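>
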Amino acid sequence: MTLALQIENLKASVDGTEILRGVDLQVPFGEIHVVMGPNGSGKSTLSHVLTGNPEYRVEGSAKLAGTEILGMDVDERSRLGLLQAFQYPTEIPGVKLGDFVREAAEERGLDLDEVDKRIAEAAERFGMTDFLDRSVNDDLSGGEKKRSEIFQLAVLGPKVAILDEIDSGLDIDAVRQVAEAVEAMRSPDMAVIMITHYARILRYLSPDRVHVMLDGRIVESGGPELAEQLEQGGYEAVRARLGIEAPKTPEPELPKASDFFTDTPFDR
Ligand code: ADP
Ligand code: MG
532 MTLALQIENL KASVDGTEIL RGVDLQVPFG EIHVVMGPNG SGKSTLSHVL
582 TGNPEYRVEG SAKLAGTEIL GMDVDERSRL GLLQAFQYPT EIPGVKLGDF
632 VREAAEERGL DLDEVDKRIA EAAERFGMTD FLDRSVNDDL SGGEKKRSEI
682 FQLAVLGPKV AILDEIDSGL DIDAVRQVAE AVEAMRSPDM AVIMITHYAR
732 ILRYLSPDRV HVMLDGRIVE SGGPELAEQL EQGGYEAVRA RLGIEAPKTP
782 EPELPKASDF FTDTPFDR
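Going by my numbering, the residue at position 109 of the sequence shown is 640; the numbering climbs one at a time, nothing skipped.
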């Protein structure tokens, strides 16, 4: 079986500070895996490093459908089939969603008849038909924006889709809708990695595996029951159970600039 994503001993540092400290993760095609962890545990860094943000010094291995991607540039990884949904989707007034996604698909070399078929199908499946002729993300609710992102991913059909906190800032009804959209995106040709801080989205979604990230490592993996345990005991209970001490100088949980600018494509 070829894995959609195979990560081995992945390390990443910025200015000599190690943020990812040896991540191992295997995600087969057709599965939805959730990566959970407290703020600052390195979840977004994992996503940045996989998509090719050049800010990090990276070691280890990450294979997409068997091909090593570390060292490739951002475009190359995306053409190979790695796509990330953004935590804060950008509004593009004047550009219609249908045209936008069609162009993105064309750039990726997809056949246009096939693209139109996929757009119609996915629009139906994700309830986006009425949005195709409207500007991208303009005047959409938080939940609709996230659904739009998932719709776009479904049309582009990556091999691996990374969703970083797609549930953040949503009320519980929107969380449920997004969860249902993620479930509807399931395909034997795609693996989904859903990164989240909160267990609540997992009430509406059945991931194949749940991984817990602490201090830059995946410290525990299990089935959906792991998320339930987390909802009850929190991450401190995981630390206690596994005997992992909290870092000596805990980071204050202040918002970082990067929390607000994850939409901005980084310098290439
Ligand atoms: P999470 O997404 O789990 O909240 P992050 O991956 O955003 O965590 O961050 C993990 C740690 O790495 C934090 O302490 C954060 O401040 C630090 N970090 C992440 N990216 C950078 C960067 N580009 N420069 C400096 N520190 C960073
Ligand atoms: Mg994050």
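Each residue gets a CB set at the ideal place from its N, CA and C atoms; glycine is no exception.
Since this is a predicted model, take the numbers as computed values, not measurements.
#1: Is the distance from the Cβ of D669 to the Cβ of E622 below 7 Å?
#2: CA-CA distance, S578 and D644?
#3: Our contact map puts A712 next to A535 with C-beta atoms below 8 Å; I'd like the distance itself, whole angstroms only.
#4: Would you list the residues sitting across from M725 in a DSSP beta bridge?
#5: Using a Cβ-Cβ cutoff of less than 8 Å, which residues in the same chain neighbour G672 once the five nearest sequence positions on both sides are dropped?
#6: Would you say L663 faces chain C, with C-beta separation under 7 Å as the test?
#7: Rounded to whole angstroms, what is the Cα-Cα separation between L595 and V691?
#8: What's the C-alpha gap between Y766 and I600?
#9: Is there contact here, the region 557-568 with the region 717-733, by at least three beta-carbon pairs under 8 Å?
#10: To the nearest whole angstrom, what separates the beta carbons of M716 and L684, a pair I think is in contact under 8 Å?
#11: Skipping 5 residues on each side, what residues in its chain have a beta carbon closer than 6 Å to that of T548?
#12: Would the beta-carbon of S572 fall within 7 Å of that of D695?
#13: By Cβ distance, which residues of its chain are closer than 8 Å to P719, with the 5 residues on each side in sequence left out?
#14: With DSSP run on the structure shown, which of helix, strand or coil describes E549?
#15: So for R608, helix, strand or coil by DSSP?
#16: Is P796 helix, strand or coil by DSSP?
#17: Does the distance between the C-beta of K677 and the nearest non-hydrogen atom of the ligand MG fall short of 6 Å?
#18: The beta strand (DSSP E) that contains G673, what's its start and end?
In this structure, then:
#1: Their beta carbons are under 7 Å apart, which means D669 touches E622 by this criterion.
#2: If I take the Cα positions, the gap works out to 32 Å.
#3: Actually they are not in contact, since the Cβ atoms of A712 and A535 sit about 19 Å apart, beyond 8 Å.
#4: Bridge partners of M725: V565 and L694.
#5: Note on residue identity: the sequence assigns Ser, not Gly, to residue 672. Cβ neighbours of S672 beyond the five flanking positions: A705.
#6: Absent from the structure is chain C; it holds one protein chain and no more.
#7: Taking the straight line joining both Cα atoms gives about 8 Å.
#8: Straight-line measurement puts the Cα of I600 at about 31 Å from the Cα of Y766.
#9: Contact holds: three or more Cβ-Cβ distances are below 8 Å.
#10: Contact between M716 and L684 holds, with the beta-carbon distance rounding to 7 Å and staying under 8 Å.
#11: If we look at T548 and ignore the five residues flanking it on each side, it has no Cβ neighbours.
#12: No; because the gap between Cβ atoms is not below 7 Å, this pair is not in contact.
#13: Only residues of its own chain outside the window of five on either side were considered, and among them F560 and G561 have a CB closer than 8 Å to the CB of P719, listed in chain order.
#14: Note: E549 maps to strand in three-state DSSP.
#15: Helix, per DSSP.
#16: Because the pLDDT at P796 is just 49, under 50, the model does not fix this residue reliably, and the value given afterwards should be weighed accordingly. It is coil, neither helix nor strand.
#17: Incorrect: K677 has no Cβ contact closer than 6 Å to the ligand MG.
#18: Following the DSSP letters along the chain, one finds G673 in no beta strand (DSSP E) but inside the alpha helix (DSSP H) bounded by residues G673 to L687.
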